[in-house]
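Asker: I am attaching a structure below and will ask some questions about it afterwards.
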Amino acid sequence: MPGRSNSQAPSRGQSNTRASSQTNTRRQTISTGSSRRRTSRLAKAQEAAAEARRAAFLRLSQRRGLGGLANSFPQESSEESDASEDPSDKGDGQGHYDDTANPFDPAPGSSNIFNPQRNDSGLEEHAEYYCLRRYADRREEISRQWNELNNQVVAAYLLCQQTTLNWTTPPNNYTLPPGVCTCPSNDISIRKVDLLDMLHRHQGKPIPFCKCTPDVVRLIHYGYFACSAEAPRTAFSIRLVQYHHHLWQATAVSASGFIESLSSFLDTRTDSPLLNRGSTHKRRQLRVPFSHCSDLYSRILTSQKKLFEDGLQLTKSDKWANKCPQCFGPQHHEVKSDPTEPDFMIALDGNFQQRHYADASKDNPREEQYPESFILPSKIANDMEALSASEHVAVGINPPCSDQHKAADNTRNGLTWEKCDDNGLFASTCRHDVPLLMINIYKTGEKLYYPISIIRNLLADFPASKVGILYDIGCHLEAHILKQGLLSDRLSDIKFATSVFHAYAHEWACQVKYNPRFNETWGLTDGEGLERFWSFMLPLVSYLRVSTRLHRLLALQSRADYFLEILMGATGDWLKTLRLASDALQILYSTLNPATPGVAYTSSFLEEQWSLEKIFHANFNQRREDQRKKLGELLCLQDDLDEAWGRTTHTIAQAIARANSCGNIADQIARHRLAIGADQIIGDLTRDQSDLLWKVWHSKTELRQRFLGLVEEKQPLFRVCRNGESTTLCTRGNQKLVLAVRKRADQLCACLESYTKRAQAFIAECPLQHPPPLIEYTDLLQLTLDDPFWNDGLFSNVNDPWAIDINTQRGIRLLSRFKHASEEKRRLGWEAWRAMRWAINRHNQVWLYLGQLCQATEQSDIPVALEPMLSHELLSSHLHLADKIKSAKVLAHSNLIAISKLQVKWDEEIVSVIRKTAPQTDDDVLLQLWDSEQQISKITGSLRFGFLSSIPGDIHNGLLSHFIEETDSHIEAENLNCNDGAERNQEDDSDAEGETDNEDDQFDMIAALQIEVNLLENLTQASNVG
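Now the structure itself:
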């Protein structure tokens, strides 16, 4: 809580002396460790002021019928009202003002530990309650003021954005447009406001204000955002806040750093510094006022998006398509190779870096304040209750690879993160890494009901779609869903898999069923999109931990939206994978197959072996294999103890301890042999030979774990080596990472030596058996995670080609890659068509809407399609229809700019993908709409002649004239079609090739006229200057 001392009474044995330091707004106490008390005048003055405040607060308590002293009292802030507008604001992120549903929560940064020496009368609780109640009431009042102004602010912003061409031509004087203010001259007052822009700063600028127009709205007309809703004393220019928003999206720069650099820059351009009011030396602290302006701008952007979606009456499907048109765009004529093939795929994962400290703020965002991508807590609660009700059914579910992941057994809980309230995020992305739905993890770990809630909400919006789910522990998730009867009505529409990188940490039997690289219909989807998303969100971690809770949610939403924008143009790498797999298979098909003498490898043989391997793992006896591995572990441990027994012992106690250990290991081995029974021997091997094989198996399992640990440890180094990516490692962090990698490498080398030793012992003892694969350390480091070297079939199926033949194993993987590349090729074709249909529909929709707005006037009849936007509550503050039309025009024009730029960016790549993939019905018609008739030719022509400006609201006359001509030609064509349709159709077919030429001629004519107008204007200006 600002202005409040959090110092506690010193404990017994500690020094009671403290040195004080005071900033602009709060007093801080720092222990010096000295036994001497400061006797300076400043210290005495501060102590006297503190006692005076304490006495005043005591009198206030006594007037309310109470007595005694309070533990702590709020200090009066020396900063202006802008800085103290929201006492809970500590964040540097993008977001709105945060309200609290519980006004009696402790204040941010305050301590709930009371001084026991002053708790005699029991009044500290009352004093604390009174402080917090006043604090919460103040926040509620501030939030109410901004909420009341929201519609007027959005309407004024859109109108001014159109009239000033997005503030590229800001007003030079402080006058309002006609009709905005109706107050008489005696109701207009002058108040001094500090105005800050990118290049200049005006301190104490006289600004006129009135009673009919809110101060915030009036400042928007002047080109500034107010820092408080009531009687603002500071304002930042709108273009400065816009620039900071783009900078924050690209770099996640903190508001503190940005405003500090701006203040230092403006100090060099003004003759007097900006000081606190009434001070002669204290510099203004502008972080809090600026963050209010940034919050206001974020609020405007959110309202703009809502106004556009409501105005165009977009459906849920349209909103999903706006997120990722490749996944959720219009689907037509898509032929699947398998009826269960997913229509789209999503990845799920949790992140516990994006947490929030409980002491940073105590605000409690209401559900209506949650961003659109976050699932509301009430919906999550329903899934939590449903899961808890059936939890007893799932007792005993323990897939063999569950222990490999912390999320599997929910080891993260409230005790682990006792200093946090929001422990992290759980999110989902599509296969193009676009963030879809997110959940705020509140005081829990990665619980099972989080993925269940996301899947349920997604399936509700797509009742007829097949969905692929990739999760780090997809095996564990499916086992619980089946056992507890969850999502029973949609189980046939869901297909589970593990994300690719995490799949290799699973048991081989689990990989065969859930690894997307070993199963059909997944294409080249890796399911690791959330790892890339978390990496992109990493710069927000530090300051969102100490922001307000609502600021944190809104900053995460804003950053996710920007991540969505930069992913719109992503494409796959299926062509390279398809070519490499095809070439490798051709070489293998010319190699003789030892399993079929005289015959080379064939695709049918490889498919048959892969089917046999999957059948074996589908009927896998996990208990038997675990016992065999455990026996191998004990035998290896016994060898180590026998080797240690031969070394000299220093003391009798060590010899006794070693003998006891050997005895215990021998007893455990005997018990395991008794439990396994006949399964301890495999094939035609003897007991001793089987023991050698189990020791090789254990050594190889340990080798694989060490290898995975080294690969995971080296991941931050790979980021530095990739173009366009950087690392957050400092020098010390880099040194620690290098040491950790070296330690992992030493462990891997020692483990490889042990494996090689035991494998050679087995080969020497069983020369007629298929030998375990041997490998050098340098070659081991070059292996991929799905290399046939890691196949464990040798230890269970000694006679099957898929288990022992390296060429068969490699051929299975090559054939799988070839199939996946072919699946990816087909899926990319679908996605390209979906994206193209979405872009064409979106362009036509926005283009038609903008044209209707440009033709609409107050005297004409308003088209029915425009009514939802023009009558929207966000524009209700406009008194005249012309102002509503202007506001709607700038919104439609900005969306036309966005979709046009996206189409130009997509043009070359999307057409190339479509031409290289399987054709679909009516694909020629769609390509014609995209390129020659309406879309790309019109966009490129408008850009070439300067008709399509990138400035929202800068609607060129050439663009409007082209729209009018195009509309007239469509009307004329429709009339002719009605009169003589057959004859007109023949003319259309014969003249189809000339349409583009005629369109270019129209552009050339309009461009020539515009050039002539510009020349005349220049000559006129030159004559006036002369």
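The opening position of the sequence shown corresponds to residue 506 in this note's numbering, with each subsequent residue numbered one higher.
All C-beta atoms in this analysis are idealised placements derived from N, C-alpha and C, irrespective of residue type, glycine included.
Small disclaimer: the values here were computed from a predicted structure and weren't measured.
Using three-state DSSP, classify arginine 1420 as helix, strand or coil.
Answerer: Residue 1420 sits at position 915 when you count from the first residue of the sequence shown. Note: arginine 1420 maps to helix in three-state DSSP.
Asker: For threonine 756, which residues of its own chain have a beta-carbon under 6 Å away from its beta-carbon, when the five flanking residues on both sides are left out?
Answerer: Counting from one through the sequence shown, the residue named residue 756 turns up at place 251. Once the five neighbours on either side are set aside, threonine 756 has no close Cβ partner at all.
Asker: Compute the distance between the beta-carbons of valine 1369 and alanine 1397, then report whether it is under 9 Å.
Answerer: Along the sequence shown, read from residue 1 onward, the residue named residue 1369 stands at position 864. Along the sequence shown, read from residue 1 onward, the residue named residue 1397 stands at position 892. Contact: no.
Asker: Taking Cβ to Cβ, would you say phenylalanine 931 is nearer than 9 Å to leucine 853?
Answerer: Position 426 of the sequence shown, counted from the first residue, corresponds to residue 931. Position 348 of the sequence shown, counted from the first residue, corresponds to residue 853. Yes; because the gap between Cβ atoms is below 9 Å, this pair is in contact.
Asker: Between aspartate 772 and the rest of its own chain, which residues show a CB-CB distance below 7 Å, the 5 nearest in sequence each way excluded?
Answerer: Against the sequence shown, residue 772 aligns to sequence position 267. If we look at aspartate 772 and ignore the five residues flanking it on each side, its Cβ neighbours are Pro778.
Asker: Can you tell me whether DSSP reads cysteine 935 as helix, strand or coil?
Answerer: In the sequence shown, the residue the question calls residue 935 occupies position 430. Reduced to three states, the DSSP call for cysteine 935 is strand.
Asker: For histidine 707, does the three-state DSSP call read helix, strand or coil?
Answerer: The count along the sequence shown starts at 1 and reaches residue 707 at position 202. In this structure, histidine 707 counts as strand in the three-state DSSP scheme.
Asker: Nearest to alanine 660 by alpha carbon, out of Gln1091, Tyr802, Leu1072, Met1073?
Answerer: Here residue 660 refers to the residue found at position 155 of the sequence shown. When each option's Cα is compared against that of alanine 660, the closest is Tyr802.
Asker: From the DSSP output, in three-state form, read off histidine 838 for me.
Answerer: Against the sequence shown, residue 838 aligns to sequence position 333. Here histidine 838 sits in coil by DSSP.
Asker: Can you tell me which of the three DSSP states arginine 485 falls into?
Answerer: For residue 485 there is no data in the structure shown, the boundaries of the chain being 506 and 1531.
Asker: Since proline 940 sits in a beta bridge, which residues does DSSP pair it with?
Answerer: The residue labelled residue 940 in the question sits at position 435 within the sequence shown. Paired residues: Thr934.
Asker: Measuring only the C-alpha atoms, how far is leucine 1257 from arginine 1263?
Answerer: Taking the first residue of the sequence shown as position 1, residue 1257 is located at position 752. Taking the first residue of the sequence shown as position 1, residue 1263 is located at position 758. Spanning the two alpha carbons is a distance of roughly 10 Å.
Asker: What's the gap between the Cα of isoleucine 1419 and the Cα of leucine 1434?
Answerer: As a working mapping, residue 1419 is identified with position 914 in the sequence shown. As a working mapping, residue 1434 is identified with position 929 in the sequence shown. Between isoleucine 1419 and leucine 1434, the C-alpha separation is close to 14 Å.
Asker: Could you check the C-alpha separation between valine 1246 and glutamate 1138 for me, to the nearest Å?
Answerer: Sequence index remark: in the sequence shown, residue 1246 carries index 741 (1-based). Sequence index remark: in the sequence shown, residue 1138 carries index 633 (1-based). Those two C-alpha atoms are separated by around 26 Å.
Asker: Do arginine 1022 and serine 1321 count as a contact pair if the criterion is CB distance below 9 Å?
Answerer: On the sequence shown, position 816 is the one that residue 1321 refers to. On the sequence shown, position 517 is the one that residue 1022 refers to. Cβ distance < 9 Å, so serine 1321 and arginine 1022 count as in contact.
Asker: Could you give the distance in angstroms between the alpha-carbon of threonine 718 and the alpha-carbon of cysteine 686?
Answerer: Locating residue 718 in the sequence shown gives position 213, counting from the first residue. Locating residue 686 in the sequence shown gives position 181, counting from the first residue. Distance between the alpha carbons of threonine 718 and cysteine 686 is about 6 Å.
Asker: Would leucine 1035 pass as a contact of aspartate 938 if the rule is Cβ separation under 9 Å?
Answerer: To locate residue 1035, count along the sequence shown from 1; it is residue 530. To locate residue 938, count along the sequence shown from 1; it is residue 433. Cβ atoms of leucine 1035 and aspartate 938: closer than 9 Å.
Asker: Under the rule that 16 or more other beta-carbon atoms within 10 Å means buried, what is lysine 971, buried or exposed?
Answerer: Here the question's residue 971 lines up with position 466 in the sequence shown. Lysine 971 comes out buried.
Asker: Would you call the CB atoms of tyrosine 954 and glycine 855 closer than 9 Å?
Answerer: As a working note, residue 954 is residue 449 in the sequence shown. As a working note, residue 855 is residue 350 in the sequence shown. Not a contact, by the Cβ cut-off of 9 Å.
Asker: Taking buried to mean at least 16 other C-beta atoms within 10 Å of its own C-beta, is glutamate 1336 buried or exposed?
Answerer: Translated into positions along the sequence shown, residue 1336 becomes position 831. The residue is buried, with at least 16 neighbouring Cβ atoms inside 10 Å.
Asker: On the DSSP bridge assignment, give the partners of cysteine 925 in chain order.
Answerer: Numbered from its first residue, the sequence shown carries residue 925 at position 420. Answer is Tyr862.
Asker: Which residue wins for smallest C-alpha separation from glutamine 1114, given the options Asn869, Pro1306, Glu1378?
Answerer: As a working note, residue 1114 is residue 609 in the sequence shown. Nearest option by C-alpha distance: Pro1306.
Asker: Can you give me the start and stop residues for the alpha helix (DSSP H) that isoleucine 1444 sits inside?
Answerer: Counting from 1 along the sequence shown, the entry for residue 1444 is found at position 939. Residues 1441-1449.
Asker: Considering just the uninterrupted stretch of the beta strand (DSSP E) at valine 457, what are its terminal residues?
Answerer: This structure leaves residue 457 out entirely; the chain is present only between 506 and 1531.
Asker: Using only the alpha-carbon positions, how far apart do aspartate 699 and lysine 710 sit?
Answerer: Stepping through the sequence shown from its first residue, residue 699 is reached at position 194. Stepping through the sequence shown from its first residue, residue 710 is reached at position 205. C-alpha separation (whole angstroms): 6 Å.
Asker: Measure the C-alpha to C-alpha separation of lysine 828 and histidine 1203 and round it to an integer number of angstroms.
Answerer: For the purposes of this step, residue 828 is identified with residue 323 of the sequence shown, where counting begins at 1. For the purposes of this step, residue 1203 is identified with residue 698 of the sequence shown, where counting begins at 1. Their Cα atoms are separated by approximately 47 Å.
Asker: Could you tell me how far apart the beta carbons of glutamine 667 and lysine 1391 are, in whole angstroms, since I believe they sit closer than 8 Å?
Answerer: Counting from 1 along the sequence shown, the entry for residue 667 is found at position 162. Counting from 1 along the sequence shown, the entry for residue 1391 is found at position 886. So it is a contact: roughly 5 Å between Cβ atoms.
Asker: Apart from the five residues just before and just after serine 1381, which ones in its own chain have a Cβ nearer than 7 Å to its Cβ?
Answerer: Here residue 1381 refers to the residue found at position 876 when the sequence shown is read from its first residue. Within the same chain, serine 1381 has close Cβ partners Asn656.
Asker: Do you know offhand how far alanine 734's Cα is from threonine 1422's?
Answerer: Mapped onto the sequence shown, residue 734 falls at position 229. Mapped onto the sequence shown, residue 1422 falls at position 917. Those two C-alpha atoms are separated by around 57 Å.
Asker: Could you tell me the distance, in whole angstroms, from the CA atom of threonine 1030 to the CA atom of proline 882?
Answerer: In the sequence shown, counting from the first residue as 1, residue 1030 sits at position 525. In the sequence shown, counting from the first residue as 1, residue 882 sits at position 377. Computed Cα separation, rounded: 31 Å.
Asker: Hey, would you say threonine 1026 sits closer than 9 Å to aspartate 843, going by beta carbons?
Answerer: To locate residue 1026, count along the sequence shown from 1; it is residue 521. To locate residue 843, count along the sequence shown from 1; it is residue 338. Yes, they are a contact pair.
Asker: DSSP three-state call for asparagine 945: helix, strand or coil?
Answerer: What you label residue 945 is simply residue 440 of the sequence shown in a count that begins at 1. Strand at asparagine 945.
Asker: If you draw a straight line from the alpha carbon of aspartate 1496 to that of valine 1430, how long is it in whole angstroms?
Answerer: Here the question's residue 1496 lines up with position 991 in the sequence shown. Here the question's residue 1430 lines up with position 925 in the sequence shown. Because aspartate 1496 sits at a pLDDT of 42, beneath the cut-off of 50, its placement in the model cannot be relied upon, and the following sentence gives the value as read from the coordinates. Computed Cα separation, rounded: 16 Å.
Asker: Measuring only the C-alpha atoms, how far is histidine 786 from glutamate 1413?
Answerer: One-based indexing of the sequence shown puts residue 786 at position 281. One-based indexing of the sequence shown puts residue 1413 at position 908. Looking at the two C-alpha atoms, the distance is approximately 60 Å.
Asker: Could you tell me which residues DSSP pairs with asparagine 856 in its beta bridges?
Answerer: For the purposes of this step, residue 856 is identified with residue 351 of the sequence shown, where counting begins at 1. According to DSSP, asparagine 856 bridges with Leu930.
Asker: Taking only three categories from DSSP, how would you classify arginine 788?
Answerer: For the purposes of this step, residue 788 is taken as residue 283 along the sequence shown, with counting starting at 1. Strand.
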